[in-house]
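The structure under discussion appears below in the form of structure tokens.
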Amino acid sequence: MNSNNKIPSNGIKGLKENWRSDLSAALSVSLVALPLALGIAVASGVSPMSGILSAIIGGVVTTFFRGGHLAINGPGASLIAAILGGLLVLENNINYVLAAIVVSGAIQVVFGLLKMGRFAKLLPSSVLHGILAAIGVIIFAKQAHFALGTTSDATTIIGTLRDIIYKLPEANPFVFLIALVGLLVLIFYKKFKYKFIQIIPAPMWVLLLSLPIVFIFDFFNAHSIFFLGNTYGVGSELLIAIPDNPLDSIMHPDFG
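Going from the sequence shown to our numbering is simple: count from 1 and add 1109.
In structure tokens:
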């Protein structure tokens, strides 16, 4: 959009007026959306392609239904708790979870048509803050094991958190190195004022700096590495698996 904050024109006219700015914004958003969508999908316990497809649909389809000129649509971190909870209740059947999502979406459409959004103000802010805090705890509990290269068989979030401490002696330092690099980049990204650094989003820097570690220690082939008197295994099972045919990742809701 133009720098004078003028509301862009609709249709082809608006595209002609702002295509340069829109193209630049689209590239920036896509660089952030790709790793974010993959991360949300993995944290939610579903296939990585689910995150990519959700980002595509969110960016293309829902654009025509939103109410503002400036918005970014796609999977949000709040979905992690909802999907994890659904998988827990529905015995890890993602098809049932998808059916529940379709029904909840239909209910939201009905609420929107009936102008019932104003009733959301009746919900106490403390409840919303509690939900957001719980989402943060759930994300941390799940992702901490990925960062350490460990696993947890716990069926509750409290158990998963407890296992973080118990599994520390089993942590894989080569996996943790990647997580540490990512955390440092995200924490100190804004400290660097150089234009060539700021022009690339922080999540993309995480990928760019993590990939050399993956190649150096050859995460593509299963093998063991001796380090500080211990042997640690690395291999492709620690990487995100993307199918050759994206259509194989498409799942359908089961209303049965």
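Backbone N, C-alpha and C fix where the C-beta goes; we use that ideal spot for every residue, glycine too.
Is the beta carbon of residue 1163 sitting closer than 9 Å to the one on residue 1146? Within the sequence shown, numbered from 1, the residue matching residue 1163 stands at position 54. Within the sequence shown, numbered from 1, the residue matching residue 1146 stands at position 37. Cβ distance < 9 Å, so residue 1163 and residue 1146 count as in contact.
Apart from the five residues on each side of it in sequence, which residues of its chain come closer than 8 Å, Cβ to Cβ, to residue 1330? For the purposes of this step, residue 1330 is taken as the residue at position 221 of the sequence shown. Taken in chain order, the residues that qualify are 1344, 1345.
Every unbroken beta strand (DSSP E) inside the region 1160–1222 [3 residues or more]: If we require 3 residues or more, the region 1160–1222 turns out to have no beta strand (DSSP E) run fully inside it.
Note down the Cα distance separating residue 1292 from residue 1152, rounded to an integer number of angstroms. Here the question's residue 1292 lines up with position 183 in the sequence shown. Here the question's residue 1152 lines up with position 43 in the sequence shown. Between residue 1292 and residue 1152, the C-alpha separation is close to 16 Å.
Grouping DSSP H, G and I as helix and E and B as strand, with all else coil, what is residue 1112? Counted from its first residue, the sequence shown places residue 1112 at position 3. Because the pLDDT at residue 1112 is just 49, under 50, the model does not fix this residue reliably, and the value given afterwards should be weighed accordingly. Collapsing the DSSP output to three states places residue 1112 in coil.
Look at the alpha carbon of residue 1129 and the alpha carbon of residue 1306, and state the distance between them as a whole number of angstroms. As a working note, residue 1129 is residue 20 in the sequence shown. As a working note, residue 1306 is residue 197 in the sequence shown. Residue 1129 and residue 1306: Cα-Cα distance of roughly 21 Å.
Look at the alpha carbon of residue 1171 and the alpha carbon of residue 1242, and state the distance between them as a whole number of angstroms. By 1-based counting over the sequence shown, the position of residue 1171 is 62. By 1-based counting over the sequence shown, the position of residue 1242 is 133. Straight-line measurement puts the Cα of residue 1242 at about 28 Å from the Cα of residue 1171.
Unbroken beta strand (DSSP E) run spanning residue 1343, endpoints: Residue mapping note: residue 1343 aligns to position 234 of the sequence shown, counting from 1. First-last of the beta strand (DSSP E) with residue 1343: 1339–1343.
Proximity test, residue 1191 beta-carbon vs the ligand GTP heavy atom, cut-off 8 Å: Summarising the ligand content, the structure contains no ligands, and the ligand GTP is consequently not present.
Alpha-carbon to alpha-carbon, residue 1319 and residue 1326: Here residue 1326 is taken as the residue at index 217 of the sequence shown, counted from 1. Here residue 1319 is taken as the residue at index 210 of the sequence shown, counted from 1. Taking C-alpha positions only, residue 1326 is separated from residue 1319 by approximately 11 Å.
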